[in-house]
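Worksheet: one structure, shown below.
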Amino acid sequence: MNGTVLALNAGSSSLKFRLYEVEGDHFSLVLRGQFDGVNENPRLVVKEAGGKEICNMDLEIGEHMQEDMLERIFGVIKPYTVNSPLQAVGHRVLHGGGRFADPVLLDDEIVSYLETLIPMGPLHQPANLASIKLFRRIRPDLPQVACFDTAFHVNIDERAARYPIPLEYEAKGYRRFGFHGLSYTYIADRLREISEYLVKKRTVVAHLGSGSSMCAMRNGKAIDTTMGLTPLGGLMMGTRSGTVDPGLVLTLMEAENLSPAEIKNMLYYKSGLLGVSGISGDLRVLMESDDPNAKKAIDLFVFRACRELSIMVATMEGMESLVFSAGIGENSPVIRKMICDRLGWLGVQLDDDANNASAEIISCPESRVEVRVIPTDEEIVLARQTARVVGEAAKAGKVPAFA
0 MNGTVLALNA GSSSLKFRLY EVEGDHFSLV LRGQFDGVNE NPRLVVKEAG
50 GKEICNMDLE IGEHMQEDML ERIFGVIKPY TVNSPLQAVG HRVLHGGGRF
100 ADPVLLDDEI VSYLETLIPM GPLHQPANLA SIKLFRRIRP DLPQVACFDT
150 AFHVNIDERA ARYPIPLEYE AKGYRRFGFH GLSYTYIADR LREISEYLVK
200 KRTVVAHLGS GSSMCAMRNG KAIDTTMGLT PLGGLMMGTR SGTVDPGLVL
250 TLMEAENLSP AEIKNMLYYK SGLLGVSGIS GDLRVLMESD DPNAKKAIDL
300 FVFRACRELS IMVATMEGME SLVFSAGIGE NSPVIRKMIC DRLGWLGVQL
350 DDDANNASAE IISCPESRVE VRVIPTDEEI VLARQTARVV GEAAKAGKVP
400 AFA
């Protein structure tokens, strides 16, 4: 299989993409780019694999901004696809519901189904679908693949997947799904690359970023996870509350006369680090602040992270390995230490020097739990899954074969 594959990761306020050259089973990064501030002051920065910046521009906000963004992407990648034609686009899609356990070649019917899942992912699913629809309109000839954040968790322990609600609602698909699946797929693959023995360990992976979750895994498979039906549950996040008492929601609706839309807006956009601190949902800003509410927000973030981690440990009846990943997990030695210092009861012992250097292994040799820092890479997972799906479709005659 030869050609190039575009991996697209569309979020609520950013759009990241990477272009990979595919030769058989080998993937080489060609370009990486990102639109930041897409809702305010969109800026596009693109770099070649070696780090050379080839584009840095601002875009004007307008009625056709999304179309303009995608046209800019095609314009940037065009010179790099002359000799190695673009063969497919892979889209990160937040929610696949209970229908998809694997990536899938997109068609009209599947896109329509994914639209029905927007209420379960109001921050990300609309952005994912907007990019899909625009790409399909601009390049209807190009095979496009949806890669789902929920897919990694489809086969979690049945007890972890179920809510204690009436059977009639479970039959309609109301269950715990879990998210950040592309990230967890990468970490599981990376653990297997390091050691077959390592991947067999009872492992908790902490994906800590503006959106945060944890996953209990063993043998590269998910057993339990902190998010549920929606990406609102589990850990406290940048602007999302994480898990709260359902009775709190009912009380706020009744006592404060809040509508479902107002509750959703509060829990998704005004809670978490932002809500508790009253300052920012960005942990870096809070770490630099002298405001006591900033410290309280950080302390609560760590406290709730440790509490959620203990649930993952209980599901697996132990933990032998802990992995930190994503923006906070990879880049904040302070938060890693605050979390690990609360896990002494599990036998976690941190090597402060290794932690401060963000080494791959940050635990002491005598620690009963090995603690690692592994940078995640969702885009390479997108590219691999996309190439596999399109390759299989080509063999079946559903799409043109790769050159």
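Just so we're aligned, residue 0 is where the sequence shown starts under the numbering used here, counting upward by one. All C-beta atoms in this analysis are idealised placements derived from N, C-alpha and C, irrespective of residue type, glycine included. Since the model is a prediction, treat every value here as computed from it, not as a measurement.
Fill in: Nearest to F16 (by Cα), restricted to the options N355, L69 and L197
Mapped onto the sequence shown, residue 16 falls at position 17. Out of N355, L69 and L197, L69 has the C-alpha closest to the C-alpha of F16.
Worksheet item: In the DSSP assignment, what residue or residues form a beta bridge with Q143?
Response: To locate residue 143, count along the sequence shown from 1; it is residue 144. BP columns for Q143 point to V88.
Worksheet item: Would the beta-carbon of V103 fall within 8 Å of that of V398?
Response: Stepping through the sequence shown from its first residue, residue 103 is reached at position 104. Stepping through the sequence shown from its first residue, residue 398 is reached at position 399. In this structure, V103 keeps its C-beta atom at 8 Å or more from the C-beta atom of V398.
Worksheet item: Roughly how many whole angstroms lie between the Cα atoms of I72 and Q143?
Response: Stepping through the sequence shown from its first residue, residue 72 is reached at position 73. Stepping through the sequence shown from its first residue, residue 143 is reached at position 144. So the two alpha carbons sit approximately 16 Å from each other.
Worksheet item: Can you give the Cα-Cα distance for F26 and I379, rounded to whole angstroms?
Response: Numbered from 1 along the sequence shown, position 27 holds the residue referred to as residue 26. Numbered from 1 along the sequence shown, position 380 holds the residue referred to as residue 379. Whole-angstrom Cα-Cα distance: 8 Å.
Fill in: Among K132, M318, L282 and G277, the one whose alpha carbon lies nearest that of S331
For the purposes of this step, residue 331 is taken as the residue at position 332 of the sequence shown. Nearest C-alpha to S331: L282.
Discussion item. Do V301 and M265 have their beta-carbon atoms positioned less than 8 Å apart in this structure?
Written reply: For the purposes of this step, residue 265 is identified with residue 266 of the sequence shown, where counting begins at 1. For the purposes of this step, residue 301 is identified with residue 302 of the sequence shown, where counting begins at 1. No, these two residues do not count as a Cβ contact at 8 Å.
Worksheet entry | Run of the beta strand (DSSP E) containing F178, from where it starts to where it stops | As a position in the sequence shown, residue 178 is number 179, starting the count at 1. Where F178 is concerned, there is no enclosing beta strand (DSSP E), given that its DSSP letter is neither H nor E.
Worksheet item: If you run the structure through DSSP and keep just helix, strand and coil, what is M453?
Response: Residue 453 is absent from the model: the chain starts at 0 and stops at 402.
Practice prompt. Tell me whether V275 sits in a helix, a strand or coil according to DSSP, three-state version.
Written response: Within the sequence shown, numbered from 1, the residue matching residue 275 stands at position 276. V275 falls in the helix class under three-state DSSP.
Discussion item. Given a cut-off of 8 Å on the beta-carbon distance, is the pair V243 and N218 in contact?
Written reply: Looking up residue 243 in the sequence shown gives position 244. Looking up residue 218 in the sequence shown gives position 219. Not closer than 8 Å, so no.
Fill in: Residues near H94 by beta carbon distance below 6 Å, same chain, minus five either side
In the sequence shown, counting from the first residue as 1, residue 94 sits at position 95. Hits under 6 Å: L116, M119, G120, Q124 and T149.
Worksheet item: For S182, which of R341, Y168, V322 and G280 has the nearest alpha-carbon?
Response: The residue given as residue 182 occupies position 183 in the sequence shown. For S182, the nearest C-alpha among the options comes from V322.
Practice prompt. Return the residue from the list D350, H206 and G390 that minimises the CA-CA distance to N1.
Written response: Within the sequence shown, residue 1 is the residue found at index 2, counting from 1. Cα-wise, what sits closest to N1 is G390.
Practice prompt. Return the CA-CA distance between E20 and K394, expressed in angstroms with no decimal places.
Written response: Indexing the sequence shown from 1 puts residue 20 at position 21. Indexing the sequence shown from 1 puts residue 394 at position 395. In a straight line, the C-alpha of E20 is about 20 Å away from that of K394.
Worksheet item: In its own chain, which residues sit with a C-beta less than 8 Å from the C-beta of D351, not counting the 5 before and 5 after it?
Response: As a first step, residue 351 must be located in the sequence shown, where it is residue number 352. If we look at D351 and ignore the five residues flanking it on each side, its Cβ neighbours are K336.
Worksheet item: Who are the near neighbours of Y268 in its chain, counting only those whose CB is closer than 7 Å to its CB and skipping five residues on each side?
Response: For this step, residue 268 is matched to residue 269 along the sequence shown. Same-chain partners within the cutoff: T238.
Worksheet item: So, helix, strand or coil for I360, using DSSP?
Response: Residue numbering aside, residue 360 sits at position 361 when the sequence shown is read from its first letter. Three-state DSSP puts I360 in a strand.
Worksheet item: Is K220 closer than 8 Å to N154 when the C-beta atoms are compared?
Response: Sequence index remark: in the sequence shown, residue 154 carries index 155 (1-based). Sequence index remark: in the sequence shown, residue 220 carries index 221 (1-based). Against a cut-off of 8 Å, the Cβ pair of K220 and N154 comes out as a contact.
Worksheet item: In angstroms, rounded to a whole number, what distance separates the CA positions of S288 and V333?
Response: Along the sequence shown, read from residue 1 onward, the residue named residue 288 stands at position 289. Along the sequence shown, read from residue 1 onward, the residue named residue 333 stands at position 334. Their backbone Cα atoms lie some 15 Å apart in a straight line.
Fill in: Whole-Å CB distance - L58 paired with L43, under 8 Å assumed
By 1-based counting over the sequence shown, the position of residue 58 is 59. By 1-based counting over the sequence shown, the position of residue 43 is 44. So it is a contact: roughly 7 Å between Cβ atoms.
Item to complete: Just confirm the distance between the C-beta atoms of F178 and P230, as a whole number of angstroms; I'd bet it's less than 8 Å.
Response: Reading the sequence shown from its first residue, position 179 is the one you call residue 178. Reading the sequence shown from its first residue, position 231 is the one you call residue 230. Indeed, because the Cβ distance is near 5 Å, the residues count as touching under 8 Å.
Discussion item. Taking its Cβ as the centre, do 16 or more other Cβ atoms sit within 10 Å of S111, making it buried, or is it exposed?
Written reply: Start at 1 with the first residue of the sequence shown, and residue 111 comes out as number 112. With fewer than 16 other Cβ atoms inside 10 Å of its own Cβ, S111 counts as exposed.
Fill in: Unbroken alpha helix (DSSP H) run spanning D352, endpoints
As a first step, residue 352 must be located in the sequence shown, where it is residue number 353. Here the alpha helix (DSSP H) through D352 covers D351 to N355.
Worksheet item: Does the beta-carbon distance from I262 to L251 come in below 8 Å?
Response: As a first step, residue 262 is located in the sequence shown; it is residue number 263 there, counting from the start. As a first step, residue 251 is located in the sequence shown; it is residue number 252 there, counting from the start. In contact: I262 and L251 (Cβ atoms closer than 8 Å).
Worksheet entry | Beta-carbon proximity list for G317, same chain, < 7 Å, skipping 5 on both sides | Counting from one through the sequence shown, the residue named residue 317 turns up at place 318. So the qualifying residues of the chain are R201.
Practice prompt. Rank P291, Q348, R371 and D340 by C-alpha distance to the C-alpha of S407 and give the top, closest one.
Written response: Examination of residue 407 is not possible in this model, given that the chain is present from 0 through 402 alone.
Practice prompt. Would you tell me roughly how many angstroms separate the C-alpha atoms of V284 and G326, rounded to the nearest one?
Written response: Counting from one through the sequence shown, the residue named residue 284 turns up at place 285. Counting from one through the sequence shown, the residue named residue 326 turns up at place 327. Whole-angstrom Cα-Cα distance: 14 Å.
Discussion item. Below 8 Å on the Cβ atoms is my contact criterion, and I expect L228 with R174 to pass it. Report the Cβ-Cβ distance as a whole number of Å.
Written reply: Translated into positions along the sequence shown, residue 228 becomes position 229. Translated into positions along the sequence shown, residue 174 becomes position 175. The Cβ separation is near 7 Å, so the contact holds.
Practice prompt. Identify which residue in L257, D298, D67 and E255 has its Cα closest to the Cα of S276.
Written response: Residue 276 sits at position 277 when you count from the first residue of the sequence shown. Measuring C-alpha to C-alpha distances from S276 to each of L257, D298, D67 and E255 identifies D298 as the nearest.
Worksheet item: By a C-beta neighbour count over all protein chains shown, 10 Å radius and 16 as the cutoff for buried, is C54 buried or exposed?
Response: In the sequence shown, counting from the first residue as 1, residue 54 sits at position 55. Counting Cβ neighbours within 10 Å, C54 comes out exposed, since fewer than 16 surround it.
Worksheet entry | Counted within 10 angstroms of its Cβ, other Cβ atoms place D107 as buried (16 or more) or exposed | The residue labelled residue 107 in the question sits at position 108 within the sequence shown. Exposed, because fewer than 16 other Cβ atoms sit within 10 Å of the Cβ of D107.
Practice prompt. With distances taken Cα to Cα, identify the nearest neighbour of G274 among N256, S258, L257 and A293.
Written response: The sequence position of residue 274 within the sequence shown is 275, counting from 1. With distances taken between Cα atoms, G274 lies closest to A293.
Fill in: C-beta contact flag for L234 and M213 at 8 Å
The residue given as residue 234 occupies position 235 in the sequence shown. The residue given as residue 213 occupies position 214 in the sequence shown. Yes.
Worksheet item: Just to confirm, are V81 and A145 a CB contact at a threshold of 8 Å?
Response: Numbered from 1 along the sequence shown, position 82 holds the residue referred to as residue 81. Numbered from 1 along the sequence shown, position 146 holds the residue referred to as residue 145. Taking 8 Å as the Cβ cut-off, V81 and A145 do not qualify as a contacting pair.
Worksheet item: So E378 is in the alpha helix (DSSP H); what residue range does that whole segment cover?
Response: Sequence index remark: in the sequence shown, residue 378 carries index 379 (1-based). Residues E377 to K394.
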